[in-house]
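Residue numbering for the sequence shown follows this note's numbering, starting at 35 and increasing by one per position.
Take a look at the structure below.
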Amino acid sequence: MDFFSRGYSALVGESKAQQQTPEQTIQRLADRVSASTLLEDKRAAILGLKGLTREYKMIVGQEALEGLLSALNEEIEDPNTVKAILETINNLITYEKTDEPKNISQIHAKKITEVDFHIARLLELIGDSDFHVRYNALQQVSMLFSLSGEYLLSKILISPTGVGRLVDLLSDPREIIRNEGVQLLILMTEKNQELQKILAFENAFEKLFFIIVDEGGVGGNIIVQDCLQLLRNLLAYNISNQKYFRETSCIQKLPDILYFDPNDSETDGHIGDGESAWKPQHGRNICDIIEIVRMLVQPGNIDTPTNQKSMQQCGMISPLLQLCLSLDAPVPVRSQALYAVGDIIHGLSENQLLFQRILVTSSQEDFEDDENDQNYKKPLPEPAVLVITRLAVGTCPRGLDEDSYYLVRAAAAHLVRSYLEENPDAHLGIAATFKPPPSDDMTENTESHQSVGSLLISVMCIPLKDIKHSDVIRIWHATSLFSLLLHKNDDCKQLALNVNIDNYIDKQNIKLLDALFYQAIDSSNLLSEQNPDFTHTEGGSQENLLCAQILTTLSVWLFQSPASISALLKNKDSITFLMEIIGKTATKRNVLQGIASFLFGIIYEFNNDPNTPMKANDLHLILHKRIGVDQLLVHLSRLNDSQELHSAYSKEPTEADNAILDLSNVLFDSSFADLFRNHYNQLRSVVRLGPDAIVRSPNLAPGMNGVAFAKSGKAGSDTESISKDTLVGSLSPQVVKKAEYDQLSQSLNQKNKELEEALQQLNELKLSINKNSDEKSGGGKGKKSKDSSKTEVNNLKKELDESKKRNTELEEKIAELTEQAINSDNLILNIRTEFETSQKSWEDERAQLEEKISGVTAHSSELEKQIEEYKKHRMESVDTVNGSDNSLEALKELESKYNTLEKEQDDLLVLLADQDMACKNYRKQLRDLGAEIPASDEDSDEE
């Protein structure tokens, strides 16, 4: 302070030094800064103000800030004066705990930012050749941005050379200025896309890569991390920058940076045996690069497929796989590398095929120990998908922490899912390897000798007694991947159904389906042992997680698979176990009852295999008498509203940053979540119906309603014709179109014509018989009449055959109509529009059909009268006509034909009645949904 005291005395005079207040001194110094003509005097006054800024920051700002800004603009050529002014202003905007008021720095920053010429001067000084001037100007811009933010940035953007000066900082040979410039750009580019674009086109990518390589790549210090952070800011959510990044061949530079051997990098000291050469900074640098890779191939973006191809072509997968399989690499690095490979191949068949062909040699922690052994065998290359699957569901390598290894498991499972995404060939390829190798003990470690499919199955069948925390995670991932293989893939379901487990605990040669079911029972028993008062428990457990996951896997397996359902029902404990779970009181956090209810509903809906051991009527009785439809629907609704189901598509819980995985909550995989959401509403409708009202079709498209309402009095009757069964099953749940009514009308006209032809034949036969009865003699004539009758009978038989043929053609046409109705995906979506536009035509057609039906009824009555008269006449003439035996037989055949036609007519009438009922039901459903449907006479009749 002695220096400032002498300066102060020199300026104000020795005699008056003790009499002036700080305000007067600061005002006098400010006047000298503004009015002095000598540069030395002005600089001395500035230095005096600089010394007073710490203690009297507010007064200096009020009295001297404007003069300092003007002096900087005037004395721009003198570096010493400029340096002093910049340091003084920097002191004014630096926050100190002793500031009074606390926001005085922000007040000064606002005043400075509002001076346009000062911002222009600052940007000019950033490019100055003098180190101190450049550094202090850069520091001032950084402090002003931290205090005023976007306001300062808007002024920089409108400056012609402002952004260019900032980019030039990246090329400064002095590290302290370069590093300060990187920090400033990181702050500025976090939220401003316009600045991001300008920096990208100012060649910022090239400059950043040069710094990264110059500093040693990922083995460098924190400046490498800062450069990678700036790269992330420039690319994040900026499609144009990502495209420019690809077009300037910057993607091709990423693999070279990723190749890293920690043993070759500089270390702070000796790395002893058994110690990893990885520094924390190395891991952070690599994770930042991998995050940039994942940002470019994020699923759902428009340019993702193009970026995926570019990364595959430049060899990005190879260094990432090396990081994945390195046992020395930190767990976060391995997990992020696995996620990145998964994102690169996700949904792109070309990259998936390449990944399928990759062979790698898995790392093993005990190679060195075994090299001296005579039986030592060097590991052979294996398919990458097998090695990655082993990471997901295999045992944890010795020497690694199982509490954090779950991150690697989750990432490896993500990679396998990405490989299977939209890749049906891969599904079948893995499913073909489901057969496990022979083994005397299921717990024996035979992972190195198994295929992908057999490895999944062996892990799913691990005995649950005294199960470890790590094994729970293994089983969860194995069942999740197995569920993904079976989801919407009937071929894989059939292959899985044929798999037998040679030795499952105490059972020999049982089906995989039964083994999974026993696993669910065992996990439930363990859960009950840990929580005897299960109905009141609010928490969960790892057994709860396992039981839920196995039941969801069974739900995916049994969906639209009658053969699998039939195989499961052969186990008498299956339905009993589900009833036991459903019958327990559910808590808010426990969703087991909902999963079991959904599984029971699937069994009830798709149990139509001819060889099923439990018929639909038996399941219907259990549902209504033992479980209760309302209780089952409540469990389904609770599951639908559960947080666990809604979070199935969000960030994987096992990808979190916590050190220990919490298994107290149920985790749903995407396969079950997708199935449940698509089938939930339909299942709620199915469980309300009787078994005869459910029409099941193996060709039913997912999500299409497969439920039809059949007439209870006729459902399942042997007397129903095939055409009626087909029509009721296919048309009643849909809106009946006018074309379908036309088809029915044509069939009715055809039947009417056949009835008229039959009546005409009866009349002709009656005349022939009367003629024969009048002839008393003439055996030859009788023989002739007999031959004539035979001819007529043959003709009638031919006509009957033709009628049957026409009926067959009609049935085929109706079957085609049924198939068209089932395959009409947009029919339900357009139900309201079609109903409103077609209602009038329906009524007209119905009136016409009713008239035709009345005509057919009249014809039928007339035929009945004629038949009665004919029978009476036949009885009177039976003694006189001896040669008419064959004619009587023909008459009986005609009567049989008439009865058949009359029966078909009744079936058509019943069909029309069913169709009217379906129309009424849909009008009611539309009104319930809020549609404005005008009332009709049919609605009043229904009421």
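By construction, the Cβ of each residue, glycine as well, lies at the ideal position given by its N, Cα and C atoms.
Here the structure is a predicted model, which is why all the values come from computation and not from measurement.
| Query | Result |
| --- | --- |
| Looking at the structure shown, is K545 part of a helix, part of a strand, or coil, going by DSSP? | strand |
| Excluding five sequence neighbours on each side, which residues of the same chain lie with their C-beta closer than 7 Å to the C-beta of V590? | S517, L520, H521, S705, F706, L709 |
| What do you get for E884, buried or exposed, if any count of 16 or more other CB atoms within 10 angstroms of its CB means buried? | exposed |
| Just to confirm my understanding: we take T122, look at its own chain, exclude 5 residues before and 5 after, and list those with CB closer than 7 Å. What are they? | I80, L83, K84, T87, L102 |
| Give the C-beta separation of T132 and L73 to the nearest angstrom, bearing in mind that I take them to be a contact with Cβ-Cβ under 8 Å. | In fact, because the Cβ distance is near 33 Å, the residues do not count as touching under 8 Å. |
| By DSSP, does E249 sit in helix, in strand, or in coil? | coil |
| Is S811 buried or exposed, if buried means 16 or more other CB atoms sit within 10 Å of its CB? | Legend: pLDDT at S811 = 45, less than 50; position of this residue unreliable, value from coordinates given subsequently. Its Cβ having fewer than 16 others within 10 Å, S811 is exposed. |
| Would you call the region 668 to 675 and the region 627 to 637 in contact, with 3 or more CB pairs under 8 Å? | yes |
| Based on the DSSP secondary-structure assignment, which residues constitute the bridge partners of N237? | DSSP lists no partner for N237. |
| Where do the ends of the alpha helix (DSSP H) carrying N715 lie? | 704 to 720 |
| According to DSSP, is N642 helix, strand or coil? | coil |
| Look at Y453 and G376 and say whether their C-beta atoms are less than 9 Å apart. | yes |
| When the Cα of N715 is compared with those of R660, N645, I636, which residue comes out closest? | I636 |
| So what does DSSP say about N537, is it helix, strand or coil? | strand |
| Does the Cβ-Cβ distance between L357 and I320 come in under 9 Å? | yes |
| Among the candidates D206, I661, F702, M494, whose CA atom is the shortest distance from the CA of S676? | F702 |
| Does the structure place the region 420 to 432 close enough to the region 328 to 348 that three or more beta carbon pairs sit under 8 Å? | no |
| Would K527 pass as a contact of I535 if the rule is Cβ separation under 9 Å? | no |
| Who are the near neighbours of S514 in its chain, counting only those whose CB is closer than 6 Å to its CB and skipping five residues on each side? | D703 |
| Terminal residues of the continuous alpha helix (DSSP H) containing L126? | 113 to 126 |
| Taking the beta carbon of H483 as the centre, do at least 16 other beta carbons fall within 10 Å, making it buried, or is it exposed? | exposed |
| Would you be able to state if there are at least three C-beta pairs under 8 Å between the region 251 to 262 and the region 223 to 238? | no |
| How would you call E639, buried or exposed, if buried means at least 16 neighbouring beta carbons within 10 angstroms? | buried |
| On the premise that A118 lies in contact with R77, defined as a C-beta separation below 8 Å, what is that separation, rounded to the nearest angstrom? | 6 Å |
| Taking F980 and F239 to be in contact with their CB atoms under 8 Å, please state how far apart those CB atoms are, rounded to whole angstroms. | The structure shown does not extend to residue 980, since the chain is modelled only from 35 through 977, so no value can be given for it. |
| Where does F151 land, buried or exposed, given buried means 16+ other C-beta within 10 angstroms? | exposed |
| Quick check: the Cα distance between I491 and P366, rounded to an integer number of angstroms? | 28 Å |
| Suppose you measure from the CA of H448 to the CA of Q553; what does that come to, to the nearest Å? | 24 Å |
| State buried or exposed for I464, treating a residue as buried only when at least 16 other CB atoms are found within 10 Å of its CB. | buried |
| Going by DSSP in three states, P415 sits in which element: helix, strand or coil? | coil |
| Going by DSSP in three states, V149 sits in which element: helix, strand or coil? | coil |
| On the DSSP bridge list, what partners appear for Q393? | Note that residue 393 corresponds to Leu in the displayed sequence, not to Gln. Per DSSP, P417. |
| Please determine if the region 654 to 661 and the region 594 to 608 are in contact, where contact requires at least 3 C-beta pairs separated by less than 8 Å. | no |
| Identify which residue in T147, E184, I616 has its Cα closest to the Cα of N226. | E184 |
| In the DSSP assignment, find the unbroken alpha helix (DSSP H) run with P353 in it and report its ends. | 351 to 359 |
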